[in-house]
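Residue 311 in this note's numbering sits at position 261 of the sequence shown; the count goes up by one each step and never skips. Think of the CB as a built atom: it goes at the ideal place given N, C-alpha and C, for glycine as much as any other residue. A quick note: this is a predicted structure, and the numbers were derived from the prediction, not measured. Comments concern the structure below.
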Amino acid sequence: MSSTIYYFSATGNSLEIAIQISKELDDCKIKSMTSPIPKEPVGGSKEIIGFVFPVYYLGMPVLVKQFVEKLNILPGTYCFAVTNFARFGGNTLGMLEKILQKKGIKLAYVEEIKMPGNYIVRYQPPNRDKLQEMLKNGRSKVDNTAKSISNHGQQPVKMNILSRILTENLYRILFRNISKWDEKFVANNKCTCCGQCAEVCPVENIKIENCHPVWQHHCERCLRCIQWCPTEAIQYGKKTMGRRRYHHPNVTVENFIETKD
Ligand SMILES: Cc1cc2nc3c(=O)[nH]c(=O)nc-3n(C[C@H](O)[C@H](O)[C@H](O)COP(=O)(O)O)c2cc1C
């Protein structure tokens, strides 16, 4: 039995979860959903396929949705998904279930993990003590999840129909005007022209022109550029000034690059 976990992560929470689960599974590869979609079908009765990613606006990040929609999965594959979020996961797993159902694939096991929030345009991450506590609780829930997945456990998506309709509509509203969203990004005079923002952007939305980042208006909104800027030079309007940056303490920029194909 072999396994593949497809993940997306802006600040490392999902990557850390994927790594933790991979340790419980036989012959497990971790692949980024920012890599090209495999041309050949994946899965089958002898392979586990998993998806690990954050919740964006009560639903799936756009690049994750597009990746799963295009992925060709063989019938009979044991599929699982683990999402993570700061406060409320909305209908994210329901969205994924629907996409897989259209392919005739059953989402056998799902779990949701509460992790430190990275939506810096609204709030800053929890303080040190709270952060440690959240990471510890997250790790212990992932531990149980990984064990259940390795035993081919079954845990279907749960959500009532009213919440599903409400969160689906909210998701549509929150993702409006996506192309204009990045107009508020600026790099101030702390920018050293290192180019890390362009390197970490998962959708190549940043070009360095005249030694300054220029956003290209097809932003995923993941905020990797703000969170990973080594000099904290990037701001989103005035909202992010003075707010602490966040990334998972075990994850480095190199980790994202290593798991790319
Ligand atoms: C664009 C965006 C939208 C988000 N929307 C939600 C949300 O609807 N509900 C929630 O609880 N957390 C939300 N979050 C927080 C992330 O889901 C959470 O911090 C997650 O653990 C980040 O995972 P990562 O480090 O793998 O990127 C959002 C974050 C971003 C960047």
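- Your pair CYS241 and THR281 checks out as a contact, with CB atoms roughly 7 Å apart and the cut at 8 Å.
- In the DSSP annotation of this structure, the continuous segment of the alpha helix (DSSP H) that includes TYR221 starts and ends at 211-224.
- Distance from the CA of ILE223 to the CA of PHE130, rounded to the nearest whole angstrom, comes to 28 Å.
- Within the chosen limit of 8 Å, ligand 1 does not reach the beta carbon of ARG295 with any heavy atom.
- When C-beta atoms of the stretch 229-239 are compared with those of the stretch 272-286, three or more pairs fall below 8 Å, so the two segments count as touching.
- Remark: the shortest separation between the CB of HIS298 and any heavy atom of ligand 1 falls under 8 Å.
- Taking each of ASP179, TRP231, CYS247 and GLU259 in turn and checking the Cα distance to HIS268, the smallest one comes out for TRP231.
- Per DSSP, VAL114 is one residue of the alpha helix (DSSP H) stretching across 112-120.
- Annotated three-state conformation of CYS247 is helix, per DSSP.
- Proximity of the beta carbon of VAL105 to ligand 1 is indicated: a heavy atom of the ligand is located closer than 8 Å.
- The continuous beta strand (DSSP E) containing GLN285 extends over residues 284-286.
- Each residue's CA atom was taken as its position, placing TYR296 and PRO88 some 31 Å apart.
- Distance between THR61 and ASN219, taken at the CA atoms: about 27 Å.
- Taking 9 Å as the cut-off, the Cβ atoms of CYS247 and ILE256 count as close.
- Between LYS208 and GLY188, the gap from beta carbon to beta carbon reaches 9 Å or more.
- With 16 or more neighbouring CB atoms inside 10 Å of its own CB, CYS78 falls in the buried class.
- Within the stretch 134-186, the complete beta strand (DSSP E) runs of at least 3 residues fall at 157-164.
- Per the coordinates, the alpha-carbon of LEU216 lies some 32 Å from the alpha-carbon of ASP193.
- Using a 10 angstroms sphere on the CB of GLY287, the tally of other CB atoms stays under 16, which defines it as exposed.
- Within the same chain, Cβ atoms closer than 8 Å to the Cβ of LYS156 are found at CYS129 and LEU150, the five residues on either side in sequence being excluded.
- With a cutoff of 8 Å, MET165 counts as near ligand 1, since its C-beta is closer than that to a heavy atom of the ligand.
- When secondary structure is reduced to three states using DSSP, LYS208 falls in the coil class, being assigned neither helix nor strand.
- When the alpha-carbon of ALA136 is set against those of VAL114, PRO175, VAL102 and LYS148, the nearest one is in PRO175.
- Assigned with DSSP and collapsed to three states, ILE98 falls in strand.
- With the rule of 3 Cβ pairs closer than 8 Å, the stretch 114-134 counts as touching the stretch 97-104.
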